[in-house]
Amino acid sequence: MAGSALLLASACAQARRPGAVTFDLPSQDLGASLRAVAARAHLNVAAPSDLVANRQAPALSGDYTAAEAIDRLLEGSGLHAEQTGSAIIVRGDAAHAAAGQTSIAQDEVVVTGSLIRGAPIASPVIRTTQDEIRNLGRTDLGQVIREIPQNFGGGQNPGIGQPVPSASGADIGGGSALNLRGLGSDATLTLLNGHRLAYTAVFQSVDISAIPVDILDRIEIVPDGASALYGSDAVAGVANIILKRDFDGLQLSTSLGKATEGGDFEQRYGAMGGARWPTGGLIVAVEHGRSSEIRSEQRSYAKDNPGQTLFPPLRHDSAVATGHQAIGSALTLSFDALYNDRRASNDYVYAPRGDPSDSHGTWRSKDRSAAVAPTLEYAGAQWRARLVTSYGWEKVDYSASECDFGVCGPTGSGYYRNREYSAELGGDGDLFSWAGGTAKLALGGGYRGIGFERYNGPDAANLNTRHTQDSYFAYGEVSLPLIGKANALAFLTRASVSAALRYERYPGIGQIVTPKLGLIAGPTPDFDLKLSWGKSFRAPTLYEQYQPRSVYLYEPAWVGRPEAPANESTLVLLGGNRALKPERATTFSATFDLHPRDTRFDLAATFYRVSYRNRIVAPIRFLSNALIDPSYAAQVTRNPTAAEIAATIASGATFLNYTDAAFDPAMVDAIIDDGNINAGRVDVRGLDLLVSYVLPIGRHAIAMSGDIGYIASDRRVTIDAPVETLAGTIFSPPHGRGRGTASWRAGPVTLTGDVNYTGGVRDTRGTPNLLIGGMTTVGLTARWRIAAASRWLDGFDMSISAQNLLDAKPRTIVTRSPQDLPYDSTNYSPIGRFLSIAVRKTW
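Okay, structure coming up:
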């Protein structure tokens, strides 16, 4: 059986008679009808997606309770619904009910953003299902997350190159990571079925593109501070990659795609097999994928920068497995496992083609990761408890080679290693019931450890580092319904509050307690007001603390003084800081959730604010402006003394001279300290708008959705430094991003169009600032699904997609060296128009 899909919504369960809601649904996909019922009835509905897949629901019109509506939709299907607390669960025959009752009730009524199963949450939630991803013709989860307006393309993502500052992102290993609100990959917590994974390379990120779409059920993203629930690195929010729970059969899939301007020929081949038995189930999915590179010579806006890789060639082999087995009537043993092997490379140049030196090089990486998370769960009548353990590792091996004046050879190699291991015991259940509903509580605690190692070879022992970090935690969360159907007021139909508290101790760093409060109030059945406030934190990463400090000697022109005498030089200090303190933040969000009962329209508008203190940064955002930007004055020592120069060189593990002359301390004009520090503050605020509408057209309907985000952010490195604008400037999130989709289905055919907009940014690296125009892409996908048509076509699913149909291109930016990519690679894609076909067959 394919995985269970949690269908959640928020509308009122009250219409012309008690508990009834007005429905007007066309004959459509059964899953879509169940989602609509959930949305109108303000209930959780859990439906195993293999049971509802490729089933057509009858039209539904009239006033029904949620249970009545679902019963009518399931008539003649062999399926039935059961009420379990605040959830309705769709089940199959008796054998399936015996196999699925525990797994669905225990696992699938979990909402990301709360540790209490089925509890309402005051934070906004963005959900994307596998079906929606396939309707859009997407086959890579990395591409899916980069199109979410609340996510920034900086951090760890393929294709990021020079001159992007390291604080804004880099491509190490070719993986794709979430970076909510542009606060950094290390400020977004990414989970797999609720479990933590090992970090990737140096950015404390998780490669989401390692998960095959075939085994995905849905992605849930909470773009709101969640440290009180999940711990460190959930400052900007949390993303949960939820896998299918069950699948019975075999599925083969393949997809081919090509960029019409050249390069990026993509191939994916996948297989998924699963079995379900009365007391459990197992799924294994494997995928092989590869894509060719995009070179600067293949794009009109990059031809003046020949020899560069705009988007790397990628190859990956991944496997994901998940399973569960009931042990008696109350215990269930389950596990999730992941393995990924990814290869990538990048070409770069030091001198333009035609230059006598013709200096160029290649960076190659091999990124392997694995994780396993066994869970033992007990399900009592009112309480559930579970013991979760996890272990994961990640390894990035890299090598570099260069050619100068026709002489080529290796220039270095090394590796990064990350480990994660944890154990947690927790549980949740009912406290008491009263007129407002049932109060619920979650409690737990545990241990987590991480390890990091960087190795640059035996000849660079002073650059090698290896460290571990332990943490201990305990948490509690309560959900208290104040007003419900039984005690509704004339001016308040429902209200609930939630509160969470988490304690964490990091030996050698410190300890912290973080709270989170939530309020949901429904003045009428047609809308809710949701408020969320909390404290969040992030412990400094091992790389941020122990990255070896290096000293570089540059010509002053490289750091902002092109008029300096030719014989002068500047020292630049980069690297870690063992005295770093944890970052702290206060987060707030207010959501106006409108869902009129008698319409197919839903709107959620969220205002949010994140006030960061002690943000860990390399303080100089653009090193090319270090000597001319007054914002960096505190990091610059001008006309240093001989003692200051000697102390700076002694503090570094390495000293590299990038000038054409021998080092002369008397000619050093300045010392620039760009080592990691706790910045004074970072402030992020903005507005998200999520809207959906179903437009009836005859016997069919067009389902439309939109996601628009506006963000503003700035930082102050020290208390005396001026405020520095972030959002809306180059290599930071643009002020505005948006996406819209419209999907029409008639029988087995679905047509979907999508529009993605990324706003423009200002290039603040020079004076005057230059405006870089935004980018809008349009896509169109046709999908054809057949069920029970014939022996050969049954379970056949094919899609043809054109992404960026109008071939929009990124705007060019000023480049200062042959290595620089001529566009903002954190915000805009070089792929261009991309045509693809995907085929899937299930037996």
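For the sequence shown, our numbering begins at -6 and goes up steadily by one. Virtual Cβ for every residue (Gly too), placed ideally from N, Cα, C.
By how many angstroms is the C-alpha of residue j removed from the C-alpha of residue i?
| i | j | result |
| --- | --- | --- |
| A416 | L369 | 11 angstroms |
| L475 | Y601 | 25 angstroms |
| S54 | I63 | 12 angstroms |
| S169 | A454 | 30 angstroms |
| F585 | T592 | 17 angstroms |
| G679 | A598 | 11 angstroms |
| A775 | G130 | 8 angstroms |
| G224 | L182 | 9 angstroms |
| H317 | R495 | 29 angstroms |
| Y547 | L564 | 6 angstroms |
| I642 | A635 | 11 angstroms |
| Q143 | R211 | 17 angstroms |
| A6 | G469 | Low per-residue confidence applies at A6: pLDDT is 32, beneath 50, and the placement is therefore not dependable enough to give any value. |
| I97 | L524 | Residue placement at I97 cannot be trusted, given a pLDDT of 36 that sits under 50; the coordinates are not used to answer. |
| P299 | V342 | 8 angstroms |
| A488 | Y448 | 55 angstroms |
| S79 | F466 | Because the pLDDT of S79 is 49, which lies under 50, any placement of that residue in the model is unreliable, and the number read from its coordinates should be weighed accordingly. Each residue's alpha carbon lies about 30 angstroms from the other. |
| Y294 | T805 | 7 angstroms |
| S794 | N762 | 38 angstroms |
| D297 | G187 | 47 angstroms |
| A312 | Q136 | 19 angstroms |
| L744 | T193 | 37 angstroms |
Once you ignore the five residues that flank residue i on each side, which residues in its own chain have a CB closer than 6 angstroms to its CB?
| i | result |
| --- | --- |
| L473 | A432, V490 |
| A619 | V552, G553, I613, Y625, I665 |
| K509 | A221, A493, G527 |
| Q244 | M265, T835 |
| D657 | none |
| A364 | L190, L331, G385 |
| L683 | A597, D700 |
With a cut-off of 8 angstroms on the beta carbons, I'd call residue i and residue j a contact; round off their distance for me.
| i | j | result |
| --- | --- | --- |
| A831 | S792 | 5 angstroms |
| Q260 | G282 | 7 angstroms |
| R161 | T819 | The question names Arg, but residue 161 is Ser in the sequence shown. Rounded, the Cβ-Cβ distance is 6 angstroms, consistent with contact. |
| A319 | T272 | 4 angstroms |
| D340 | Q291 | No, D340 and Q291 are not in contact; Cβ-Cβ is about 13 angstroms, not under 8 angstroms. |
| R531 | P575 | 6 angstroms |
Which of the three DSSP states, helix, strand or coil, is assigned to residue i?
| i | result |
| --- | --- |
| P689 | strand |
| S220 | helix |
| R120 | strand |
| E290 | helix |
| K834 | strand |
| S(-3) | Any reading at S(-3) needs caution, since the residue's pLDDT is 34, under 50, leaving its predicted position unreliable; the model's value is listed next. In this structure, S(-3) counts as strand in the three-state DSSP scheme. |
| K359 | strand |
| K478 | helix |
| T599 | strand |
| T757 | coil |
| Q796 | strand |
| A611 | coil |
| P549 | helix |
| Q462 | strand |
| T592 | coil |
| D817 | coil |
| L72 | coil |
Excluding five sequence neighbours on each side, which residues of the same chain lie with their C-beta closer than 7 angstroms to the C-beta of residue i?
| i | result |
| --- | --- |
| R459 | E446 |
| A268 | D241, G274, L275 |
| Y821 | T751, M768, P803 |
| P623 | P715 |
| F594 | Y686 |
| T132 | V206, S248, R261, A831 |
| C667 | It is worth fixing the name first, because residue 667 is Asp in this sequence and not Cys. Excluding residues within five positions, the ones whose Cβ falls inside 7 angstroms are V565, L566, L567, A611, P612, I613, L616, Q628. |
Count the other CB atoms within 10 Å of the CB of residue i; is the residue buried (16 or more) or exposed (fewer)?
| i | result |
| --- | --- |
| W356 | buried |
| F16 | buried |
| D86 | Low confidence applies to D86: its pLDDT is 45, below 50, so where it sits in the model is not reliable, and the reading given next is rough at best. It is exposed - the Cβ of D86 has fewer than 16 other Cβ atoms within 10 Å. |
| A74 | buried |
| Q628 | buried |
| T718 | exposed |
| V381 | buried |
For residue i, which residues from the same chain have a beta carbon less than 8 angstroms from its beta carbon, with the 5 sequence-adjacent residues on both sides left out?
| i | result |
| --- | --- |
| R571 | Q538, Y539 |
| K251 | D257, F258, E259, F827, L828, S829 |
Given the structure, does residue i come close to the ligand PLP, in the sense that its CB is under 8 angstroms from one of the ligand's heavy atoms?
| i | result |
| --- | --- |
| V687 | In the structure shown, the ligand PLP is absent, as is every other ligand, since no ligand is present at all. |
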